[in-house]
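Chains as they are written, first to last, in the numbering used here: chain A, 2 to 324; chain B, 2 to 324.
Below is one structure, written out as structure tokens; comments come after it.
Protein chains: 2
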Amino acid sequence: MSEKMNIGVDLGGTTTKMALIDDAGKTIDKWAIVTNTIDNGSHIAADISESIKKKLKQYNLGSSEVRGIGMGAPGFIDMASGFVYKAVNIGWEDYPLKEELEKFTGLPAIIENDANMAALGEMWLGAGRGAKNLICVTLGTGVGGGIIIDGDIVHGVSGMAGEIGHITVVPKGGSPCNCGKKGCLETVSSATGIRRMGLDALDYNDSDSILRDLFEKNGDISAEDVFNCAAKGDQLSVAVAEKAAYYLGYALGAISIVVNPEKIVIGGGVSHAGKTLTDPLTKYFKEFSLPRVFDACKIDIAQLSNDAGVVGGAWLAKTKINN
Amino acid sequence: MSEKMNIGVDLGGTTTKMALIDDAGKTIDKWAIVTNTIDNGSHIAADISESIKKKLKQYNLGSSEVRGIGMGAPGFIDMASGFVYKAVNIGWEDYPLKEELEKFTGLPAIIENDANMAALGEMWLGAGRGAKNLICVTLGTGVGGGIIIDGDIVHGVSGMAGEIGHITVVPKGGSPCNCGKKGCLETVSSATGIRRMGLDALDYNDSDSILRDLFEKNGDISAEDVFNCAAKGDQLSVAVAEKAAYYLGYALGAISIVVNPEKIVIGGGVSHAGKTLTDPLTKYFKEFSLPRVFDACKIDIAQLSNDAGVVGGAWLAKTKINN
Numbered sequence: 002m003s004e005k006m007n008i009g010v011d012l013g014g015t016t017t018k019m020a021l022i023d024d025a026g027k028t029i030d031k032w033a034i035v036t037n038t039i040d041n042g043s044h045i046a047a048d049i050s051e052s053i054k055k056k057l058k059q060y061n062l063g064s065s066e067v068r069g070i071g072m073g074a075p076g077f078i079d080m081a082s083g084f085v086y087k088a089v090n091i092g093w094e095d096y097p098l099k100e101e102l103e104k105f106t107g108l109p110a111i112i113e114n115d116a117n118m119a120a121l122g123e124m125w126l127g128a129g130r131g132a133k134n135l136i137c138v139t140l141g142t143g144v145g146g147g148i149i150i151d152g153d154i155v156h157g158v159s160g161m162a163g164e165i166g167h168i169t170v171v172p173k174g175g176s177p178c179n180c181g182k183k184g185c186l187e188t189v190s191s192a193t194g195i196r197r198m199g200l201d202a203l204d205y206n207d208s209d210s211i212l213r214d215l216f217e218k219n220g221d222i223s224a225e226d227v228f229n230c231a232a233k234g235d236q237l238s239v240a241v242a243e244k245a246a247y248y249l250g251y252a253l254g255a256i257s258i259v260v261n262p263e264k265i266v267i268g269g270g271v272s273h274a275g276k277t278l279t280d281p282l283t284k285y286f287k288e289f290s291l292p293r294v295f296d297a298c299k300i301d302i303a304q305l306s307n308d309a310g311v312v313g314g315a316w317l318a319k320t321k322i323n324n
Numbered sequence: 002m003s004e005k006m007n008i009g010v011d012l013g014g015t016t017t018k019m020a021l022i023d024d025a026g027k028t029i030d031k032w033a034i035v036t037n038t039i040d041n042g043s044h045i046a047a048d049i050s051e052s053i054k055k056k057l058k059q060y061n062l063g064s065s066e067v068r069g070i071g072m073g074a075p076g077f078i079d080m081a082s083g084f085v086y087k088a089v090n091i092g093w094e095d096y097p098l099k100e101e102l103e104k105f106t107g108l109p110a111i112i113e114n115d116a117n118m119a120a121l122g123e124m125w126l127g128a129g130r131g132a133k134n135l136i137c138v139t140l141g142t143g144v145g146g147g148i149i150i151d152g153d154i155v156h157g158v159s160g161m162a163g164e165i166g167h168i169t170v171v172p173k174g175g176s177p178c179n180c181g182k183k184g185c186l187e188t189v190s191s192a193t194g195i196r197r198m199g200l201d202a203l204d205y206n207d208s209d210s211i212l213r214d215l216f217e218k219n220g221d222i223s224a225e226d227v228f229n230c231a232a233k234g235d236q237l238s239v240a241v242a243e244k245a246a247y248y249l250g251y252a253l254g255a256i257s258i259v260v261n262p263e264k265i266v267i268g269g270g271v272s273h274a275g276k277t278l279t280d281p282l283t284k285y286f287k288e289f290s291l292p293r294v295f296d297a298c299k300i301d302i303a304q305l306s307n308d309a310g311v312v313g314g315a316w317l318a319k320t321k322i323n324n
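Structure follows, in structure tokens:
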């Protein structure tokens, strides 16, 4: 098996990112196209294939020099068949993505859930480099997760493994979650949850606060505001950041007792808080894991940002497509 | 690879169980010897080997007809080397178990933690038959666990994966655990924890109760008493059983969101409570998992009892020793 090229594709609701990455992990090119969701997303596979073919021509790459395509899509996917059961933002329902992509490009393809693909990207070339047992957490609008054991994503029996945003962390009196339950991790440690807790704290507290000044100026606050103010020592913001970190540390403690990872990679918008997040997080993670589990595990901020998906896709092509 | 014999060995602090099981899962013989822990357990490997050799002679089995030995030991084990770092009840410290066993028997051996081995036994011939993604929980003096993904035990980076008895389920005001933390699952859902909660309930409650009658007669109660009385409708006992099931369901909900198993197997003494345990457990498991996770997963009581270990050992020999 000589060195070949791998294509990573990361499908989003508005743009589709792509990259051409060699076996050594060097990015030859990366680019993006608009995701055309009209007609229930029926043009997407052809658009992506056209763009890939153009790019391969530009680099004079024949199909024998390309291993294949690793593509991530939002929604629920059956990896074995490459079938997308439902991807609401895209318009797909029961869509044979792998088959379509292979037909249009003539290249073998492998399909994965986008959050898992980003986790694989961080493992290959990002914060998880060199590790084979990882928990990846994305703290954005929601809380996503990817569990990697011995270098492979854990999918579980119905593809639900790693949906850690829905671990209950506030069993009594928790806030409602989009999933229909209450008190999920997502309700307290996502950007949405942190904003809500910040607003609550302003409501139930009269103390002077630079977070309150921001709220009065802008009519709203964001999770970023909370962490920025916390970093400046604002007590009210520190308390909110601590609470978000407490619940995240609690959940990661439990998950780590289950899988005993060597690394936890924190990504998503909230991860930009850096040490303002990871310092209290590490404290609570230590409290809720076990000494041998804590000692074996390092918490790091994700490094690849928006490229994690395409890198993970290329890794899937490199490792899962045998040609 | 033709049909061969497999030897399972399950080392306990007082007796060592052994079994001769063929590739089809048929138990040809099972027996036990006393575990001789004097001289820091230095006679154990020779004793076991002697007993195995005698048994193979009895059945006229040459070494070419035997695949090897799968042995479970308590304590912390490095599976790759078959090295036992520490097994307090046995007296071993930094003991090369695999090497000794192979030297004395002339057969290849594979070593595993005893709780994990029991989980593999239930997967092969017990309640987990046919499943490849399982959570096994042993509710005894403590709470043990084994996580199986794609047919293999998850060990984690420092061999701590599956130590689910130490997931925190009472984050504030929990009882002290042997591990040094507070509020671990083991403090509320083990036989020890259920007895303690039963005694507390009797202390803080004046109501008539057949559990109280038992306590006054015997001067103590057991977890078994609590479930027996609960099965008879004793309100105080029902409340304690519900509490144990609530915390177990809470932990299993979280673990199942992480690994999305097809089966949860409950073993150990407390599992004899049957539906008095599993009915409330299922209710809380549903509350704390996700619909797609819950729907894909069945909760069953372990079937192999004390034989789970030797069966798991034979399975390890059958599947991990290539000869």
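Even for Gly, the Cβ is constructed at its ideal location relative to N, Cα and C.
A quick note: this is a predicted structure, and the numbers were derived from the prediction, not measured.
Legend entry - C-beta atoms of A:Leu215 and A:Leu237 nearer than 7 Å: On the first sequence, residue 215 of chain A is found 214 positions in, with the first residue counted as 1. On the first sequence, residue 237 of chain A is found 236 positions in, with the first residue counted as 1. No, the Cβ-Cβ distance between A:Leu215 and A:Leu237 is not below 7 Å.
Legend entry - Per-residue contacts from B:Gly254 into chain A (C-beta, under 9 Å): Within the second sequence, numbered from 1, the residue matching residue 254 of chain B stands at position 253. Simply Ile168, Thr169.
Inset, instruction - Tell me, please, whether the CB atom of A:Arg293 is closer than 7 Å to any CB atom in chain B? - result: Stepping through the first sequence from its first residue, residue 293 of chain A is reached at position 292. A:Arg293 counts as touching chain B.
Inset, instruction - Whole angstroms is fine: what's the gap from B:Gly13's alpha carbon to B:Asn206's? - result: Indexing the second sequence from 1 puts residue 13 of chain B at position 12. Indexing the second sequence from 1 puts residue 206 of chain B at position 205. Going from the Cα of B:Gly13 to the Cα of B:Asn206 covers about 40 Å.
Legend entry - C-alpha distance - A:Lys5 paired with B:Gly269, whole-angstrom precision: Looking up residue 5 of chain A in the first sequence gives position 4. Looking up residue 269 of chain B in the second sequence gives position 268. If I take the Cα positions, the gap works out to 52 Å.
Inset, instruction - Less than 8 Å between the CB atoms is what I'm expecting for B:Met72 and B:His156, so what's the real figure, rounded? - result: Position 71 of the second sequence, counted from the start, is the residue given in the question as residue 72 of chain B. Position 155 of the second sequence, counted from the start, is the residue given in the question as residue 156 of chain B. That pair is no contact at about 16 Å.
Inset, instruction - Please decide whether A:Ile150 counts as near chain B, where near means a Cβ-Cβ distance under 7 Å. - result: Here residue 150 of chain A corresponds to residue number 149 of the first sequence, with the count starting at 1. Chain B, which has a Cβ nearer than 7 Å to the Cβ of A:Ile150, makes this yes.
Inset, instruction - Determine the direct distance from the alpha carbon of B:His167 to that of B:Cys185, and round the result to whole angstroms. - result: In the second sequence, counting from the first residue as 1, residue 185 of chain B sits at position 184. In the second sequence, counting from the first residue as 1, residue 167 of chain B sits at position 166. Each residue's Cα considered, the two are about 5 Å apart.
Inset, instruction - Tell me whether B:Met118 sits in a helix, a strand or coil according to DSSP, three-state version. - result: Your numbering for residue 118 of chain B matches position 117 in the second sequence. Three-state result, B:Met118: helix.
Legend entry - Beta-carbon gap between B:Ala128 and B:Val266 smaller than 7 Å: Along the second sequence, one-based indexing puts residue 128 of chain B at 127. Along the second sequence, one-based indexing puts residue 266 of chain B at 265. For B:Ala128 and B:Val266, yes; Cβs fall inside 7 Å.
Inset, instruction - Could you check how far apart the C-beta atoms of A:Ala192 and A:Ala224 are, in whole angstroms? I think they sit under 8 Å. - result: Numbered from 1 along the first sequence, position 191 holds the residue referred to as residue 192 of chain A. Numbered from 1 along the first sequence, position 223 holds the residue referred to as residue 224 of chain A. Rounded, the Cβ-Cβ distance is 4 Å, consistent with contact.
Inset, instruction - Buried or exposed for A:Gly131, please, with buried defined as at least 16 other CB atoms from any protein chain shown within 10 angstroms of its CB. - result: Here residue 131 of chain A is taken as the residue at index 130 of the first sequence, counted from 1. Looking at its Cβ environment, which holds fewer than 16 other Cβ atoms inside 10 Å, A:Gly131 is exposed.
Legend entry - Test: A:Phe216 CB closer than 7 Å to a CB of chain B: Along the first sequence, one-based indexing puts residue 216 of chain A at 215. Not an interface residue.
Inset, instruction - Ignore the nearest five residues each way along the sequence and tell me which others in A:Pro177's own chain have a CB closer than 7 Å to its CB. - result: Stepping through the first sequence from its first residue, residue 177 of chain A is reached at position 176. Answer for A:Pro177: Lys183, listed in chain order.
Inset, instruction - Taking all protein chains shown into account, decide if A:Gly220 is buried (16 or more other Cβ within 10 angstroms of its Cβ) or exposed. - result: The count along the first sequence starts at 1 and reaches residue 220 of chain A at position 219. Answer is exposed; the Cβ neighbour count stays below 16.
Legend entry - Inter-stretch contact at 8 Å, needing at least 3 Cβ pairs: the stretch 21-40 of chain B / the stretch 103-117 of chain B: no
Inset, instruction - Identify whether A:Pro97 lies in helix, strand or coil by the three-state DSSP scheme. - result: Against the first sequence, residue 97 of chain A aligns to sequence position 96. Looking at A:Pro97 - three-state DSSP - the assignment turns out to be coil, as it is neither helix nor strand.
Inset, instruction - Could you pull out every residue in the same chain whose Cβ sits closer than 6 Å to the Cβ of A:Gly121, ignoring the five residues on either side in sequence? - result: For this step, residue 121 of chain A is matched to residue 120 along the first sequence. Residue identity check: residue 121 of chain A is Leu in the sequence provided, not Gly. So the qualifying residues of the chain are Gly313, Trp316.
Inset, instruction - Would you verify that the beta carbon of A:Ser65 is, or is not, closer than 7 Å to some beta carbon of chain B? - result: As a working mapping, residue 65 of chain A is identified with position 64 in the first sequence. With 7 Å as the cut-off, A:Ser65 does not count as an interface residue toward chain B.
Inset, instruction - Mind listing the chain A neighbours of B:Phe289? Cutoff is C-beta to C-beta under 7 Å, in chain order. - result: Within the second sequence, numbered from 1, the residue matching residue 289 of chain B stands at position 288. Per Cβ cutoff of 7 Å: Thr169.
Legend entry - Inter-residue CB distance, A:Ile150 and A:Val260 (contact presumed, cutoff 8 Å): The residue labelled residue 150 of chain A in the question sits at position 149 within the first sequence. The residue labelled residue 260 of chain A in the question sits at position 259 within the first sequence. So it is a contact: roughly 6 Å between Cβ atoms.
Inset, instruction - Leaving out five residues on either side along the sequence, give the residues of the same chain with a beta carbon under 6 Å from the beta carbon of A:Lys233. - result: Counting from one through the first sequence, the residue named residue 233 of chain A turns up at place 232. Taken in chain order, the list of residues that qualify is empty.
Inset, instruction - For A:Thr106, name the three-state secondary structure that DSSP assigns. - result: Here residue 106 of chain A corresponds to residue number 105 of the first sequence, with the count starting at 1. Helix, per DSSP.
Inset, instruction - Determine whether the Cβ of B:Gly129 lies closer than 7 Å to any Cβ atom of chain A. - result: Taking the first residue of the second sequence as position 1, residue 129 of chain B is located at position 128. So, not an interface residue.
Legend entry - Alpha-carbon spacing of A:Asp303 relative to B:Ile34, whole angstroms: Position 302 of the first sequence, counted from the first residue, corresponds to residue 303 of chain A. Position 33 of the second sequence, counted from the first residue, corresponds to residue 34 of chain B. Before going further, note that residue 303 of chain A is Ala rather than Asp in the sequence given. Each residue's Cα considered, the two are about 53 Å apart.
Inset, instruction - Less than 8 Å between the CB atoms is what I'm expecting for B:Leu21 and B:Asp11, so what's the real figure, rounded? - result: The count along the second sequence starts at 1 and reaches residue 21 of chain B at position 20. The count along the second sequence starts at 1 and reaches residue 11 of chain B at position 10. Not really, about 13 Å apart at Cβ, beyond 8 Å.
Inset, instruction - Verify whether the separation of the beta carbon atoms of A:Gly163 and A:Ala110 is less than 7 Å. - result: In the first sequence, residue 163 of chain A corresponds to position 162, counting from 1. In the first sequence, residue 110 of chain A corresponds to position 109, counting from 1. Result no, Cβ atoms of A:Gly163 and A:Ala110 do not sit closer than 7 Å.
Inset, instruction - From the DSSP output, in three-state form, read off A:Tyr285 for me. - result: Stepping through the first sequence from its first residue, residue 285 of chain A is reached at position 284. Correct three-state label for A:Tyr285: helix.
Legend entry - For A:Met161, three-class secondary structure by DSSP: Translated into positions along the first sequence, residue 161 of chain A becomes position 160. Coil at A:Met161, not helix or strand.
Legend entry - Selection from B:Phe289, B:Phe77, B:Asp24 that minimises the alpha carbon distance to A:Gly175: Numbered from 1 along the first sequence, position 174 holds the residue referred to as residue 175 of chain A. Out of B:Phe289, B:Phe77, B:Asp24, B:Phe289 has the C-alpha closest to the C-alpha of A:Gly175.
Legend entry - Contact under 7 Å by Cβ, B:Ile53 with B:Ile91: Counting from 1 along the second sequence, the entry for residue 53 of chain B is found at position 52. Counting from 1 along the second sequence, the entry for residue 91 of chain B is found at position 90. No, they are not a contact pair.
Inset, instruction - Go ahead and pull the three-state DSSP assignment for A:Pro262. - result: As a working mapping, residue 262 of chain A is identified with position 261 in the first sequence. Coil.
Legend entry - Beta carbon proximity, A:Gly92 to chain B, threshold 7 Å: As a working note, residue 92 of chain A is residue 91 in the first sequence. A:Gly92 does not count as touching chain B.
Legend entry - Buried/exposed call for B:Ala343, threshold 16 Cβ in 10 Å: The requested residue 343 of chain B does not occur in the structure, where chain B is confined to residues 2 to 324.
Legend entry - Where B:Pro292 sits in the DSSP three-state scheme: Position 291 of the second sequence holds residue 292 of chain B. Correct three-state label for B:Pro292: helix.
Legend entry - Interface flag, B:Thr320 vs chain A, CB-CB below 7 Å: Within the second sequence, the letter at position 319 stands for residue 320 of chain B. So, not an interface residue.
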